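Q: Add 64 to a position in the sequence shown, counting from 1, and you land on the number used in my numbering.
Note that CB positions come from ideal geometry on N, CA and C, so glycine has one too.
Note that the structure is predicted; figures quoted are calculated from it, not measured.
Encoded as structure tokens, here's the structure I'll be asking about.
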Amino acid sequence: MRTLKLKFNSVSICSKKLQGIKDVEYLCLDKSQDVKNVLFDLDREGFLQLKHLHVQNNPDFMCIVDSKERVPLDDAFPILESLNLYNLIKLERICQDRLSVQSFNELKTIRVELCDQLSNIFLLSAAKCLPRLERIAVINCRNIQEIFVVDGEYDAIDHQKIEFGQLSTLCLGSLPELTSFCCEVKKNRQAQGMHETCSNKISSLEDKLDISSPLFNEKVALSNLEVLEMNKVNIEKIWHNQLPVAMFLCFQNLTRLILRKCPKLKYIFSASMLGSFEHLQHLEIRYCKGLQEIISKEGADDQVPPNFVFPQVTILRLVGLPELKCLYPGMHTSEWPALKLLDVSACDQVTVFDSELFSFCESSEEDKPDIPAQQPLFLPEKVFPNLEELGLDGKDIRMIWHGDFPQHLFGGLKVLQLKFDASAAVVSSCDNLLILLPSSSVSFRNLKILEVSGCKKLTNLVASSAAQSLVALVKMQVFGCRAMTQVVKSEGNQLAREEIVFNKLKMLSLLDLDSLTSFCSGNYIFKFPSLEVLFVVGCPKMNIFTTGELSTPPRVDVMYRNRGAPCWDGDLNTTIQQLHRVKLLDGSSSHSNTY
Numbered sequence: 065m066r067t068l069k070l071k072f073n074s075v076s077i078c079s080k081k082l083q084g085i086k087d088v089e090y091l092c093l094d095k096s097q098d099v100k101n102v103l104f105d106l107d108r109e110g111f112l113q114l115k116h117l118h119v120q121n122n123p124d125f126m127c128i129v130d131s132k133e134r135v136p137l138d139d140a141f142p143i144l145e146s147l148n149l150y151n152l153i154k155l156e157r158i159c160q161d162r163l164s165v166q167s168f169n170e171l172k173t174i175r176v177e178l179c180d181q182l183s184n185i186f187l188l189s190a191a192k193c194l195p196r197l198e199r200i201a202v203i204n205c206r207n208i209q210e211i212f213v214v215d216g217e218y219d220a221i222d223h224q225k226i227e228f229g230q231l232s233t234l235c236l237g238s239l240p241e242l243t244s245f246c247c248e249v250k251k252n253r254q255a256q257g258m259h260e261t262c263s264n265k266i267s268s269l270e271d272k273l274d275i276s277s278p279l280f281n282e283k284v285a286l287s288n289l290e291v292l293e294m295n296k297v298n299i300e301k302i303w304h305n306q307l308p309v310a311m312f313l314c315f316q317n318l319t320r321l322i323l324r325k326c327p328k329l330k331y332i333f334s335a336s337m338l339g340s341f342e343h344l345q346h347l348e349i350r351y352c353k354g355l356q357e358i359i360s361k362e363g364a365d366d367q368v369p370p371n372f373v374f375p376q377v378t379i380l381r382l383v384g385l386p387e388l389k390c391l392y393p394g395m396h397t398s399e400w401p402a403l404k405l406l407d408v409s410a411c412d413q414v415t416v417f418d419s420e421l422f423s424f425c426e427s428s429e430e431d432k433p434d435i436p437a438q439q440p441l442f443l444p445e446k447v448f449p450n451l452e453e454l455g456l457d458g459k460d461i462r463m464i465w466h467g468d469f470p471q472h473l474f475g476g477l478k479v480l481q482l483k484f485d486a487s488a489a490v491v492s493s494c495d496n497l498l499i500l501l502p503s504s505s506v507s508f509r510n511l512k513i514l515e516v517s518g519c520k521k522l523t524n525l526v527a528s529s530a531a532q533s534l535v536a537l538v539k540m541q542v543f544g545c546r547a548m549t550q551v552v553k554s555e556g557n558q559l560a561r562e563e564i565v566f567n568k569l570k571m572l573s574l575l576d577l578d579s580l581t582s583f584c585s586g587n588y589i590f591k592f593p594s595l596e597v598l599f600v601v602g603c604p605k606m607n608i609f610t611t612g613e614l615s616t617p618p619r620v621d622v623m624y625r626n627r628g629a630p631c632w633d634g635d636l637n638t639t640i641q642q643l644h645r646v647k648l649l650d651g652s653s654s655h656s657n658t659y
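And the structure:
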């Protein structure tokens, strides 16, 4: 492939010295100042051989293709595969007019970033919808209103579906004015002769959709779309409410839906469309402050409580949704048979699950009470058959430990992450949580990773009997639990010395635990046959690791500060005693200000 990268200040360099540029397949233009349309000063034939074009950091560029001044659009970029435009602050249009059948016909990838004067990417005809386009990313373009605009006569587009049959990935970020993915334009008959003005200000000639219209209207079909990611987009809804079932099938291959900081979204799906997302595997919603429910009631049958099935969803993350109240605003059930990772945090108005509803699920039909309209997000036995990773915050942690859940419910769990927000609402909900894993807690025999941070009232992490069940634990991290005095709490009268073996534990981190005096003060036999490293930072009161018998490998790397060489003084107890004696445990970790 012939590649040319140009960084210049004047078009005169190009026109005089770059006569062979017409054979280039990859062209990168950077910092070409005082040039309004450098491309056709380089090749007036329309770049017939070019496959990849990257233009960036040009303060004067206004248009990529201007058919009236340079070359017929039929000849422009016929085999171009990728178009990357970055930081073109005056770029108003990529093409002066709508695309012809041949131009950009092989285009597969479009990436546009920091082009603040653009209101749309391409003006298309109903018959020209970039048939090979696979990936679109439009980022930080503050005036983008539509990604594509389709124009035509009234009769030509009224009954025609707009298809992007190969588009698999769509990423939209920081587009505050975006209202539609593809907007239909119908020319006013009085304005038929003003097409040149329309190219400069499309909005002056078109009957646009209402500003509250969905991102995807009833005419758009994205039958191959697999990934949809949106960040900082002000749309109110993603899909049209009244779409027929056949139109929802135009999104049937979606596998990954990620939404971040979309403040106007009130819901994600309508009840009538859920069956169209059978291939969805990853659903992630973060910091959408107006979101009230995941599924709206629109299109639902009020006579029968719906059952929502997400057959292939393996990852579900709901984070920072202060207005979220429910999965669905009414009686319902849901099934997530493939779910492996569930992360719910900073969703203060919703309960993830409720032990009372578990007893409802196990009741016989005649004994079952009515399902409450305001349900928790999930019924436990429907959600957790294959769950391996669970992330929760304060109120839901208490629900697990103190709820009447069956012992097998979390039996397959491998990673448990417990998060405690510093805000008053969340911290107050776990003020009474004094021990995380009491002796009566559910079993976590497959748990591999345990992380706990910022729990101000926690005095012990785990009861001794519960510690005996953590046989698969590989990593344990405890950060910023200022009231914790021991990690493992002694239980009752010990008539015989009990053995607690962390057979697979390789890493133990104890950071910023102001009150910690030891790992355990009971007379137990602790064995750590696989322990490789102990981080102990910001634990000024810790003067011994454990008072009972202790067995570790011949050497364990003890890290007592954020950086530096590890310490070892023959055995773990002696090492901790020596560090305490010279006050090397008095510092704080690099994370101490985050709790």
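Do we get a CB-CB distance below 8 Å when we pair E342 with the residues of chain C?
A: The structure shown has no chain C; it contains just one protein chain.
Q: So the candidates are K553, E515 and E156; which of them puts its Cα closest to the Cα of A531?
A: When only C-alpha atoms are compared, the closest one is K553.
Q: Name the DSSP bridge partner or partners of C247?
A: C247 pairs with V213.
Q: From E387, C603 and N184, pick the residue whose C-alpha is nearest to that of D161; which is it?
A: Checked all of E387, C603 and N184; the closest Cα to D161 is N184.
Q: Please state the DSSP three-state secondary structure of F228.
A: The answer is coil: DSSP assigns F228 none of H, G, I, E or B.
Q: Is it buried or exposed, E357, if we count other Cβ atoms within 10 angstroms and call 16 or more buried?
A: Its Cβ being crowded by 16 or more others within 10 Å, E357 is buried.
Q: Select from S573, F374 and E555 the residue whose C-alpha is nearest the C-alpha of S585.
A: If we check each option's Cα against that of S585, E555 comes out closest.
Q: What separation, rounded to the nearest whole angstrom, lies between the Cα atoms of K591 and L380?
A: When rounded, the distance between both Cα atoms is 36 Å.
Q: Would P327 and N298 be called neighbours here (beta carbons separated by less than 8 Å)?
A: Result yes, Cβ atoms of P327 and N298 sit closer than 8 Å.
Q: The beta strand (DSSP E) that contains S615, what's its start and end?
A: Per DSSP, S615 belongs to the beta strand (DSSP E) from E613 to S615.
Q: Among N587, L147, V597 and Q120, which one has its Cα closest to the Cα of K539?
A: Of N587, L147, V597 and Q120, the residue nearest in Cα terms is V597.
Q: May I have the straight-line CA-CA distance separating C519 from R546, to the nearest angstrom?
A: Rounded to the nearest angstrom, the two C-alpha atoms are 8 Å apart.
Q: Let's test the definition: count the other Cβ atoms within 10 Å of the Cβ of Q367 and tell me whether it reaches 16, buried, or not, exposed.
A: It counts as exposed.
Q: Taking A662 as the reference, which of P386, L451, H655 and F583 has the closest Cα?
A: Residue 662 falls outside the range modelled here, since the chain spans only 65 to 659, and no answer is possible.
Q: Report yes if the C-beta distance between V620 and L636 is below 8 Å; otherwise report no.
A: Yes, Cβ-Cβ distance for V620 and L636 is below 8 Å.
Q: Report the option in C603, T639 and L614 whose CA atom is closest to the CA atom of G651.
A: Taking only the C-alpha atoms, the option nearest G651 is C603.
Q: Cα separation between C235 and T173?
A: Distance between the alpha carbons of C235 and T173: 12 Å.
Q: What is the residue span of the alpha helix (DSSP H) that I640 lies within?
A: Per DSSP, I640 belongs to the alpha helix (DSSP H) from L636 to R645.
Q: Helix or strand or just coil, what does DSSP make of M606?
A: It is coil, neither helix nor strand.
Q: Where does G341 sit, in a helix, a strand or coil, going by DSSP?
A: Correcting the residue identity first, residue 341 is Phe in this sequence and not Gly. In this structure, F341 counts as coil in the three-state DSSP scheme.
Q: With 16 other CB atoms within 10 Å as the buried threshold, where does A55 fall?
A: Residue 55 falls outside the range modelled here, since the chain spans only 65 to 659, and no answer is possible.
Q: Rank E300, H343 and R320 by C-alpha distance to the C-alpha of Y331 and give the top, closest one.
A: Comparing Cα-Cα distances from Y331 to each of E300, H343 and R320, the minimum goes to E300.
Q: CB-CB under 6 Å to R157, same chain, minus the five flanking residues each way: which ones, in chain order?
A: Counting only Cβ-Cβ distances below 6 Å, and skipping sequence neighbours, we find C127.
Q: Measure the alpha-carbon distance for F374 versus K95 and round it to whole angstroms.
A: Rounded to whole angstroms, F374 to K95 spans 49 Å at the Cα level.
Q: Nearest-angstrom Cα distance between V416 and T638?
A: When rounded, the distance between both Cα atoms is 45 Å.
Q: Let me confirm a value: D576 is counted as buried when at least 16 other C-beta atoms fall within 10 Å, else exposed. Which label applies?
A: D576 should be labelled buried.
Q: If you check the beta carbons only, do L391 and I359 fall under 8 Å apart?
A: Closer than 8 Å, so yes.
Q: Between the Cα of R66 and the Cα atoms of L93, Q113 and E109, which residue gives the shortest distance?
A: Nearest of L93, Q113 and E109 to R66, Cα basis: Q113.
Q: With DSSP as the reference, identify every bridge partner of Q120, one or two as the case may be.
A: For Q120, which the question treats as bridged, DSSP gives the partners D94 and Y150.
Q: Taking only three categories from DSSP, how would you classify S409?
A: Looking at S409 - three-state DSSP - the assignment turns out to be strand.
Q: Alpha carbons only, please: which of I322, A335 and S287 is nearest the one belonging to Q316?
A: When only C-alpha atoms are compared, the closest one is S287.
Q: Would you identify the three-state DSSP class for P393, choosing helix, strand or coil?
A: Three-state result, P393: coil.
Q: Suppose contacts are defined by Cβ-Cβ distances below 8 Å. Is Q413 in contact with E387 by that definition?
A: Yes, the Cβ-Cβ distance between Q413 and E387 is below 8 Å.
Q: Check the DSSP bridge columns for H346 and list the partner residues they point to.
A: Answer by DSSP bridge pairing, in chain order: R320 and I379.
Q: Once DSSP output is grouped into helix, strand and coil, what is the label at F186?
A: In the structure shown, F186 sits in a strand (DSSP, three-state: E or B).
Q: Taking the alpha-carbon positions, what's the L155 to D180 distance?
A: C-alpha separation (whole angstroms): 8 Å.
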